[in-house]
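>
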Amino acid sequence: DAGVIQSPRHEVTEMGQEVTLRCKPISGHDYLFWYRQTMMRGLELLIYFNNNVPIDDSGMPEDRFSAKMPNASFSTLKIQPSEPRDSAVYFCASRPFRGPGMNTEAFFGQGTRLTVV
Amino acid sequence: AQKITQTQPGMFVQEKEAVTLDCTYDTSDPSYGLFWYKQPSSGEMIFLIYQGSYDQQNATEGRYSLNFQKARKSANLVISASQLGDSAMYFCAMREGNYNQGGKLIFGQGTELSVKP
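Same order as they appear, the protein sequences are chains A and B. In terms of the numbering used here, the first sequence opens at residue 1477 and continues consecutively. In terms of the numbering used here, the second sequence opens at residue 6 and continues consecutively.
(1) What residue from A:Asn1547, A:Leu1521 and A:Ala1582 has the CA that sits closest to valine 1480 of chain A's CA?
(2) With a cut-off of 8 Å, do at least 3 Cβ pairs link the region 1513-1522 of chain A to the region 26-35 of chain B?
(3) Please say whether proline 122 of chain B and glutamate 126 of chain B have beta carbons closer to each other than 7 Å?
(4) Name the chain A residues whose beta carbon is nearer than 9 Å to that of methionine 16 of chain B?
(5) So which of A:Gln1513, A:Phe1525, A:Gln1493 and A:Glu1487 has the shortest CA-CA distance to lysine 1500 of chain A?
(6) Thinking C-beta only, is tyrosine 42 of chain B closer than 7 Å to lysine 78 of chain B?
(7) On the CB-based measure, 16 or more other CB atoms within 10 Å of its CB, does serine 46 of chain B come out buried or exposed?
(8) Alpha carbon to alpha carbon, how far is methionine 94 of chain B from threonine 1496 of chain A?
(9) Among residues of its own chain, excluding the 5 on either side of tyrosine 1511 of chain A, which ones have a beta-carbon nearer than 6 Å to its beta-carbon?
(10) So, is glycine 1587 of chain A buried or exposed, given that buried needs 16 or more other C-beta atoms within 10 angstroms?
(11) Expressed to the nearest angstrom, what Euclidean distance is found between the alpha-carbon atoms of asparagine 1547 of chain A and glycine 1504 of chain A?
(12) Residues of the region 1517-1546 of chain A in Cβ contact with chain B at a cutoff of 7 Å, in chain order, please.
(13) Determine whether the Cβ of alanine 1478 of chain A lies closer than 7 Å to any Cβ atom of chain B.
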């Protein structure tokens, strides 16, 4: 498997523009997570999905942020309008559900480095 | 309140020596999992080791071992025989609740490890 695939790897945009980050989880994984990493706040969980359904979006900072998972192989994180303080590395991760007593770690994508100028 | 605390922002270790990275956690849930991830300068997140709250023995994976002290709520990572390639950020993370209840992963602030030749 190719692992979790994120695109683009780097994005530079102007303040006020819409930004869409994309993620393809590992096939067969049941959970998908979006994280944001900054120097100040570390790794923050923004939202996660189980079987394409959003379970917890309490980490989404503002209404400017939205995430969707239209099918098991694709998710998007959208920021509209973007602001300079949104500059960060955004990670997508996925993990499977295996069954009782089975640990399953999250597998991370390479991340998208977003810069809003 | 911080759920995961890593008190060492930075650590140095001599090549071939062992090093311990500290992690304490806070939860009232009897079922939880503890993870360590490595993030090299290239940015990807690499899973290292897992410890379940009900596991009787400390987890080991090659040169990595987890010193799990449940009563103290600590889950320190021990790296034996450090190598130059071990220089990276190390994150401790916790998943609360039964693994199949979603189980979002909460990360600590990280420890930057530098291995000296």
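Every residue gets a Cβ at the ideal spot worked out from N, C-alpha and C, and that includes glycine. Just so you know, these numbers come straight off a predicted model, no measurement behind them.
Looking at the coordinates:
(1) Along the first sequence, one-based indexing puts residue 1480 of chain A at 4. Out of A:Asn1547, A:Leu1521 and A:Ala1582, A:Ala1582 has the C-alpha closest to the C-alpha of valine 1480 of chain A.
(2) no
(3) No information on residue 126 of chain B is available, as it lies outside the stretch 6 to 122 that chain B covers here.
(4) The sequence position of residue 16 of chain B within the second sequence is 11, counting from 1. Chain A residues near methionine 16 of chain B: none, gap ~17 Å exceeds 9 Å.
(5) On the first sequence, residue 1500 of chain A is found 24 positions in, with the first residue counted as 1. Considering only alpha carbons, the answer is A:Phe1525.
(6) Within the second sequence, numbered from 1, the residue matching residue 78 of chain B stands at position 73. Within the second sequence, numbered from 1, the residue matching residue 42 of chain B stands at position 37. Taking 7 Å as the Cβ cut-off, lysine 78 of chain B and tyrosine 42 of chain B do not qualify as a contacting pair.
(7) Translated into the one-based positions of the second sequence, residue 46 of chain B becomes position 41. Answer is exposed; the Cβ neighbour count stays below 16.
(8) Counted from its first residue, the second sequence places residue 94 of chain B at position 89. Counted from its first residue, the first sequence places residue 1496 of chain A at position 20. Cα to Cα, the separation comes out at about 28 Å.
(9) One-based indexing of the first sequence puts residue 1511 of chain A at position 35. Result list for tyrosine 1511 of chain A: Leu1519, Leu1521 and Phe1567, in chain order.
(10) In the first sequence, counting from the first residue as 1, residue 1587 of chain A sits at position 111. Counting Cβ neighbours within 10 Å, glycine 1587 of chain A comes out buried, since at least 16 surround it.
(11) The residue labelled residue 1547 of chain A in the question sits at position 71 within the first sequence. The residue labelled residue 1504 of chain A in the question sits at position 28 within the first sequence. When rounded, the distance between both Cα atoms is 12 Å.
(12) Gly1518, Leu1519, Leu1521, Tyr1524, Asn1526, Ile1531 and Asp1532
(13) To locate residue 1478 of chain A, count along the first sequence from 1; it is residue 2. Cβ-Cβ to chain B under 7 Å: no for alanine 1478 of chain A.
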